[in-house]
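**Q** Structure in structure tokens, see below.
There are 2 protein chains.
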Amino acid sequence: MSLLVTGSIGIDTVETPSGKRDDIIGGSAIYFSYAASFFTPVRLVGVVGEDCPKSLLNVFEGREVDTGGLEVRKGSKTFRWHGSYVEDINSAVTVEVDLNVLAERAPKIPANFLDSQYVFLANTHPVLQQELLGSLKSPRLVVADTMNLWIQTERAELSKLLKKIHGLVMNDGEAKLLTEKSNLISAARDVLKMGPKFVVIKKGEHGCVMCSDRDTFTLPAFPTEKVIDPTGAGDSFAGGMMGYLSTQGNFSSATIKRALAFGTVLASYTIADFSLGGLQSTDRDQIDDRWFAYKQAMDF
Amino acid sequence: MSLLVTGSIGIDTVETPSGKRDDIIGGSAIYFSYAASFFTPVRLVGVVGEDCPKSLLNVFEGREVDTGGLEVRKGSKTFRWHGSYVEDINSAVTVEVDLNVLAERAPKIPANFLDSQYVFLANTHPVLQQELLGSLKSPRLVVADTMNLWIQTERAELSKLLKKIHGLVMNDGEAKLLTEKSNLISAARDVLKMGPKFVVIKKGEHGCVMCSDRDTFTLPAFPTEKVIDPTGAGDSFAGGMMGYLSTQGNFSSATIKRALAFGTVLASYTIADFSLGGLQSTDRDQIDDRWFAYKQAMDF
């Protein structure tokens, strides 16, 4: 089934205890698309400036990612992020950020993408998320991400968005900020009252919590010693989850759990190298093997 | 099978966002014994002062806990701890602590306890843990707990202890301190090199990690909104785990996982009330039901 993602594309500089990489490809839409493309064709909508080297955007060559919605905007500069995990591998410190083209108007969704059935609205201004969503014909599953900034400054627009989507993916800090609850199960239940049918709270190295009207469950992260660069783990998680869901055609408890487990596995590949290196080093067979090992580890 | 626990017995004052309780029964051996007694008879070894109200020690009435190793020492005072979770329900702040009788000589293990097959050495000075262990005839499974203080001040004695036990249970902060590794899987692997056949790292609200030569797996905490007082959760976890293990007679991967899941369930009851209230409100049938629901939630 057609899976659409709208989100950021960035040029990152990342420092971790394993080293430093300058000018590598990043951004939520990039990680999401690569992760989801192991499962299903992906339609990518995003915008970069004319300074973005073509070589950086070649990452989807040979993959089923339709970049027809990728705009290279003249006169604009690409989003840039410089982050450091040197102090704490589980928590990024932003050294520098230049929104650049992300602070301008949103990219347009191409006409041939408007029939997309599965939609992931990666983190951006909730007004833009609503605009993007409003232009789609009849999406079957819409999941969004958000961030602290919009929770703090755009609560009214975020509330409107939450009434229009099926699922919300957010991290634990954002869930606590949005609901003012310190217990994540309580926080998740409060999010459900705001509109979404289900919410997934990402806890980084501690896995995730999923809540819906009918289910509450938690899954641990895939246990691994190989943590080189956690950038993009959350977006890869969402990509694996949505990629799998869009191939299933149902939203049973078991399907959603399997989807979260695929998300968990995709995130474990992303953190094993800088940028897309971890995802580029694997294939669907290896992903399925790790998924099955993870499933078995949880079986007792 | 006979299960022996040596550990602290204390009179606690606890403050949490749900209220304050003065002079309630606590201590590692108390929580461990109560939790384990849902599975198997428990032999308790511990010491209190003559100030300890008899009513506080009546908590095991009607339960299969042999308190023949509970010494009431004349002229001594009971261990007291005053803790607060008001700022953060997941992290205790010690307001006041009086070691009292815990700073004196250890209690003796009664002669009729010396044939115990399953042994849990709750946290105390590693020299005392070795002494207690040395007096036992031929224990089949010995698991110990420890704490930051001994890791920092008694490293040599702790190292000797680690070579004599089968399993170590500790929390994430202690594991990082002991191994100087920030990744918990790496930390667990390093602990294995120090002697134990397996290590369980408790992560509080985030569950646990288990590592042995043959397995590495993680289990999330039981998802619950009802967190009244987390005191004793870790000791109840250990009690549930050891209680179940001592009824099984094998240490297969599946058995250990099931044991950790029972530990997880027992901890979820403990945190639902002050002191032993949560454990006192349940029974083996309810525990089995919750265990099965937890198992099913992890099945996909």
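Residue numbers (this note's numbering), protein chains in the order written: chain A, 31 to 330; chain B, 31 to 330. Ideal placement from N, C-alpha and C gives every residue a C-beta, glycine not left out.
Output, in chain order, the set of chain A residues within a Cβ distance shorter than 7 Å of Arg288/B.
**A** The residue labelled residue 288/B in the question sits at position 258 within the second sequence. Within chain A, the residues near Arg288/B are Phe330.
**Q** Please name the residue, chosen from Leu86/A, Phe143/A, Phe292/A, Asp319/A, that lies closest to Leu162/A on a Cα-to-Cα basis.
**A** Position 132 of the first sequence, counted from the start, is the residue given in the question as residue 162/A. Comparing Cα positions, the closest option is Phe143/A.
**Q** Just how far apart, CA to CA, sit Phe90/A and Thr108/A?
**A** For the purposes of this step, residue 90/A is taken as the residue at position 60 of the first sequence. For the purposes of this step, residue 108/A is taken as the residue at position 78 of the first sequence. Cα to Cα, Phe90/A sits roughly 18 Å from Thr108/A.
**Q** Provide the residue span of the beta strand (DSSP E) that contains Ala174/B, from first to last.
**A** As a position in the second sequence, residue 174/B is number 144, starting the count at 1. Looking at the DSSP string, the run of the beta strand (DSSP E) that includes Ala174/B is 171 to 175.
**Q** How would you list, in chain order, the residues of chain B whose beta-carbon sits under 7 Å from the beta-carbon of Phe247/A?
**A** As a working mapping, residue 247/A is identified with position 217 in the first sequence. Near Phe247/A (Cβ distances below 7 Å), the residues of chain B are Pro253, Ala327.
**Q** Which residues does DSSP pair with Cys238/B in a beta bridge?
**A** Within the second sequence, the letter at position 208 stands for residue 238/B. Lys232/B, Leu249/B, per the DSSP bridge assignment.
**Q** Using the three-state DSSP reduction, which class does Thr108/A fall into: helix, strand or coil?
**A** Sequence index remark: in the first sequence, residue 108/A carries index 78 (1-based). DSSP places Thr108/A in coil when its eight states are reduced to three.
**Q** Since Val199/A and Ala268/A are thought to touch, with beta carbons under 8 Å apart, how far apart are those beta carbons, to the nearest angstrom?
**A** On the first sequence, residue 199/A is found 169 positions in, with the first residue counted as 1. On the first sequence, residue 268/A is found 238 positions in, with the first residue counted as 1. Contact holds; Cβ gap of about 5 Å.
**Q** In three-state DSSP terms, what is Tyr274/A?
**A** Working through the first sequence from its first residue, we reach residue 274/A at position 244. DSSP places Tyr274/A in helix when its eight states are reduced to three.
**Q** Is it right to say Gln310/A is buried, meaning 16 or more other beta carbons lie within 10 angstroms of its own, or is it exposed?
**A** Numbered from 1 along the first sequence, position 280 holds the residue referred to as residue 310/A. With fewer than 16 other Cβ atoms within 10 Å, it is exposed.
**Q** Quick check on Arg332/A: does DSSP put it in helix, strand or coil?
**A** This structure leaves residue 332/A out entirely; chain A is present only between 31 and 330.
**Q** Considering only residues of the region 75 to 125 of chain B, which uninterrupted beta strand (DSSP E) runs meet the minimum length of 3 residues and lie entirely inside it, listed in chain order?
**A** Annotation: the region 75 to 125 of chain B contains the following complete segments of the beta strand (DSSP E) (minimum length 3 residues), in chain order: 95 to 103, 109 to 114.
**Q** To the nearest angstrom, how far is the alpha carbon of Pro169/A from that of Leu33/A?
**A** One-based indexing of the first sequence puts residue 169/A at position 139. One-based indexing of the first sequence puts residue 33/A at position 3. Spanning the two alpha carbons is a distance of roughly 10 Å.
**Q** Assess contact between the region 182 to 202 of chain A and the region 149 to 159 of chain A, defined as three or more Cβ pairs (one per stretch) separated by less than 8 Å. Is contact present?
**A** yes
**Q** Kindly indicate which three-state DSSP category Asn178/B falls into: helix, strand or coil?
**A** Position 148 of the second sequence holds residue 178/B. Three-state DSSP puts Asn178/B in a helix.
**Q** Roughly how many angstroms lie between the CA atoms of Ser216/B and Leu290/B, to the nearest whole one?
**A** Locating residue 216/B in the second sequence gives position 186, counting from the first residue. Locating residue 290/B in the second sequence gives position 260, counting from the first residue. Roughly 20 Å separates the two Cα atoms.
**Q** Would a check of beta-carbon distances place Asn88/B closer than 9 Å to chain D?
**A** The structure shown contains no chain D; its protein chains are A and B.
**Q** I'd like to know whether the C-beta atoms of Pro137/A and Gly164/A end up nearer to each other than 9 Å.
**A** As a working note, residue 137/A is residue 107 in the first sequence. As a working note, residue 164/A is residue 134 in the first sequence. The criterion of a C-beta distance shorter than 9 Å is not satisfied by Pro137/A and Gly164/A.
**Q** Quick check on Pro47/B: buried or exposed, where buried means 16 or more other Cβ atoms within 10 Å of its Cβ?
**A** For the purposes of this step, residue 47/B is taken as the residue at position 17 of the second sequence. Exposed, by the Cβ-count rule.
**Q** Assuming Ser38/B and Ala65/B are in contact, meaning their beta carbons sit under 8 Å apart, how far apart are those beta carbons, in whole angstroms?
**A** Along the second sequence, read from residue 1 onward, the residue named residue 38/B stands at position 8. Along the second sequence, read from residue 1 onward, the residue named residue 65/B stands at position 35. The Cβ separation is near 15 Å, so there is no contact.
**Q** Determine contact between the region 101 to 118 of chain B and the region 308 to 327 of chain B, defined as no fewer than three beta-carbon pairs at a distance below 8 Å.
**A** no
**Q** Along chain A, which residues have their Cβ under 7 Å away from the Cβ of Pro250/B?
**A** Taking the second sequence and counting its residues from 1, the one referred to as residue 250/B is at position 220. Per Cβ cutoff of 7 Å: Gly237, Thr248, Leu249, Pro250.
**Q** Going along the chain, which residues of the region 114 to 129 of chain B sit with their C-beta nearer than 9 Å to a C-beta in chain A?
**A** Asp118, Ile119, Asn120
**Q** Helix or strand or just coil, what does DSSP make of Arg15/A?
**A** Because chain A in this structure spans residues 31 to 330, residue 15/A falls outside the shown range and cannot be described.
**Q** Output, in chain order, the set of chain B residues within a Cβ distance shorter than 7 Å of Asn213/A.
**A** For this step, residue 213/A is matched to residue 183 along the first sequence. Neighbours of Asn213/A on chain B, chain order: Glu255, Val257.
**Q** Compute the distance between the beta-carbons of Tyr294/A and Cys238/A, then report whether it is under 9 Å.
**A** Along the first sequence, one-based indexing puts residue 294/A at 264. Along the first sequence, one-based indexing puts residue 238/A at 208. Rather than Tyr, the amino acid found at residue 294/A in this sequence is Thr. In contact: Thr294/A and Cys238/A (Cβ atoms closer than 9 Å).
**Q** Please list the terminal residues of the continuous beta strand (DSSP E) segment that includes Asp52/B.
**A** Mapped onto the second sequence, residue 52/B falls at position 22. Residues 49 to 56.
**Q** From the beta carbon of Arg219/A, is the nearest beta carbon of chain B less than 9 Å away?
**A** To locate residue 219/A, count along the first sequence from 1; it is residue 189. Output row for Arg219/A: interface = yes.
**Q** Can you list, in chain order, the residues of the region 281 to 308 of chain B whose Cβ is nearer than 7 Å to any Cβ on chain A?
**A** Ala284, Lys287, Arg288, Ala291
**Q** Using C-beta distances below 7 Å, list every residue in its chain close to Val157/A, excluding the 5 sequence neighbours before and after it, in chain order.
**A** Taking the first sequence and counting its residues from 1, the one referred to as residue 157/A is at position 127. Correct list, in chain order: Glu187.
**Q** Which word fits Val72/A, buried or exposed, when buried means at least 16 other C-beta atoms lie within 10 angstroms of its C-beta?
**A** Counting from 1 along the first sequence, the entry for residue 72/A is found at position 42. Label assigned to Val72/A: buried.
**Q** So Thr261/A is in the beta strand (DSSP E); what residue range does that whole segment cover?
**A** Counted from its first residue, the first sequence places residue 261/A at position 231. Counting along the chain, Thr261/A falls outside any beta strand (DSSP E), and DSSP gives it neither H nor E.
**Q** Check the C-beta distance from Glu204/B over to Met177/B and give it rounded, since I have them as a contact under 8 Å.
**A** Your numbering for residue 204/B matches position 174 in the second sequence. Your numbering for residue 177/B matches position 147 in the second sequence. Their Cβ separation, rounded to whole angstroms, is 6 Å, which keeps Glu204/B and Met177/B in contact under 8 Å.
**Q** Reducing DSSP to helix, strand and coil, say where Glu161/A ends up.
**A** For this step, residue 161/A is matched to residue 131 along the first sequence. Reduced to three states, the DSSP call for Glu161/A is helix.
**Q** Answer with buried or exposed for Pro83/B, where buried requires no fewer than 16 other C-beta atoms within 10 angstroms of its C-beta.
**A** As a first step, residue 83/B must be located in the second sequence, where it is residue number 53. It counts as exposed.
**Q** Compute the Euclidean distance between the alpha carbons of Glu235/A and Ala122/A, then round it to the nearest angstrom.
**A** One-based indexing of the first sequence puts residue 235/A at position 205. One-based indexing of the first sequence puts residue 122/A at position 92. C-alpha separation (whole angstroms): 13 Å.
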